[in-house]
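First up is the structure itself, then whatever we jot down about it.
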Amino acid sequence: MEIIIYIIGGLLAGIATGLVGLSAATIIAPLFATILGVPVYAAIGIALASDVLASAISAGNYIRNKNIDIKSSLLLAICVIFFTVLGSYLSKDMNPYNLNGIINIFVLILGLRFIIYPVKNRAQSKVMKPGKLLIVQTIIWGAIIGMINGYFGAGGGLSILAVLTILLGYDLKRAIGTSVFIMTFTALVGASTHIIIGGTNLLPLIITCISAFIGANLSSIYANKIDEVTLNKVIGSFLVVYGILLIMVYYT
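Below is the structure:
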């Protein structure tokens with residue numbers, strides 16, 4: 025029974041990562057901690073480790089389709105990675121589920137955003153040029169996202185996606201590709217910190233990582249083939265349904 029949950033959790037997390045840029049920890053950590061009784065800190069470590077492979081294979085598929093732009097988001101990536109390490113260390117004696125309600129509501133709102141106000145293809149335009157205000161905003165959001173990602177183990181992917189599309193002006197596919205590329209490194213440093221401090225269980229770690237890798241590969245290939253309009257609808261619908269389910273579970 026536990027192995028089945030490892031596989032299902034990994035597959036769903038991988039699909040969410042490749043399709044939406046959602047952190048695998050958003051699905052795996054609460055699932056393992058709630059149903060299997062895995063210690064929260066260890067569950068987040070396993071989830072982040074799964075994120076590494078899922079994000080890496082997703083990023084590879086987006087790179088092959090030229091849907092990535094790390095140069096314009098380098099400052100954001102550096103801030104997120106640095107504060108992920110800090111957040112991972114500080115969270116060792118805290119309860120990361122204090123942020124559950126905020127993350128769940130954020131998922132729902134972002135899903136509605138993609139349905140009501142879809143991200144249009146900006147193929148003919150350029151990413152916003154950096155100015156002092158934009159640089160300050162990028163640093164602030166990078167710090168916030170990194171702390172949330174390190175502390176809670178989740179929320180980083182969607183938060184990066186939101187900053188790239190809303191603040192920096194990325195088109196949707198390029199934003200997802202860049203987001204999962206950044207997540208590969210944030211997940212790596214976050215997982216390393218959690219596993220070194222809290223330890224882990226090799227069986228769920230291996231099974232979940234492999235399952236997430238498979239799910240992310242399939243979903244990222246699909247995401248790169250469909251058009252922007254369909255992708256907006258798929259992502260928006262996924263996030264709305266998932267956000268509602270998270271809120272229902274959290275408040276019941």
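For the sequence shown, position 252 matches number 276 in this note's numbering, and the numbering has no gaps at all.
Cβ atoms here follow ideal geometry from the backbone N, Cα and C, with glycine treated the same way.
Quick one: what does DSSP say Tyr266 is sitting in, helix, strand or coil? Helix, per DSSP.
Helix, strand or coil at Ser149 according to DSSP, with G and I counted as helix: Residue placement at Ser149 cannot be trusted, given a pLDDT of 44 that sits under 50; what the coordinates show is reported in the next sentence. Correct three-state label for Ser149: coil.
Beta carbon of Ser82 nearer than 7 angstroms to that of Ser244: The answer is yes: Cβ separation under 7 angstroms.
Backbone CA spacing between Leu255 and Val64 [nearest angstrom]: If you take the alpha carbons of Leu255 and Val64, they lie about 33 angstroms apart.
For the region 196-204 against the region 49-56, are there 3 or more C-beta pairs whose distance is under 8 angstroms? Under the Cβ criterion (8 angstroms, minimum of three pairs), the region 196-204 does not count as touching the region 49-56.
Quick one: Cα of Gly166 to Cα of Asp75, how far? One alpha carbon belongs to Gly166, the other to Asp75, and they sit about 19 angstroms apart.
Determine the direct distance from the alpha carbon of Gly170 to that of Ser183, and round the result to whole angstroms. C-alpha separation (whole angstroms): 10 angstroms.
Can you give me the Cβ contacts of Pro228 inside the same chain, cut-off strictly under 6 angstroms, excluding the 5 residues immediately before and after it? Excluding residues within five positions, the ones whose Cβ falls inside 6 angstroms are Tyr30 and Ile70.
Between the alpha carbons of Tyr194 and Met25, how many angstroms are there, rounded? Approximately 42 angstroms between the Cα atoms of the pair.
What are the uninterrupted segments assigned as alpha helix (DSSP H) that are 4 or more residues long and contained completely in the region 204-232, given in chain order? Inside the region 204-232, DSSP marks no whole alpha helix (DSSP H) run of 4 or more residues.
Under three-state DSSP, which class holds Tyr194? Correct three-state label for Tyr194: coil.
Taking its Cβ as the centre, do 16 or more other Cβ atoms sit within 10 Å of Leu269, making it buried, or is it exposed? With fewer than 16 other Cβ atoms within 10 Å, it is exposed.
At which residues does the alpha helix (DSSP H) containing Thr41 begin and terminate? Unbroken alpha helix (DSSP H) run through Thr41: Glu26 to Val44.
Around the Cβ of Gly223, are there at least 16 other Cβ atoms within 10 angstroms (buried) or fewer (exposed)? Burial call: exposed.
For Leu43, count the other beta carbons within 10 Å of its own beta carbon; 16 or more makes it buried, fewer makes it exposed. Which is it? Residue environment for Leu43: buried (at least 16 other C-beta atoms within 10 angstroms of its C-beta).
Report the rounded CA-to-CA distance for Tyr141 versus Ile230, giving the unit in angstroms. Rounded to the nearest angstrom, the two C-alpha atoms are 39 angstroms apart.
For Ser7, name the three-state secondary structure that DSSP assigns. In the structure as shown, the chain begins at 25 and stops at 276. Residue 7 is therefore absent and cannot be evaluated.
Starting from the Cα of Ala211, find the closest Cα among Ile139, Lys156, Ile163 and Leu46 and give me that residue. It is Leu46 whose Cα lies nearest to the Cα of Ala211.
Measuring alpha carbon to alpha carbon, tell me which of Leu242, Tyr113, Val265 and Ile27 ends up nearest Thr41. It is Leu242 whose Cα lies nearest to the Cα of Thr41.
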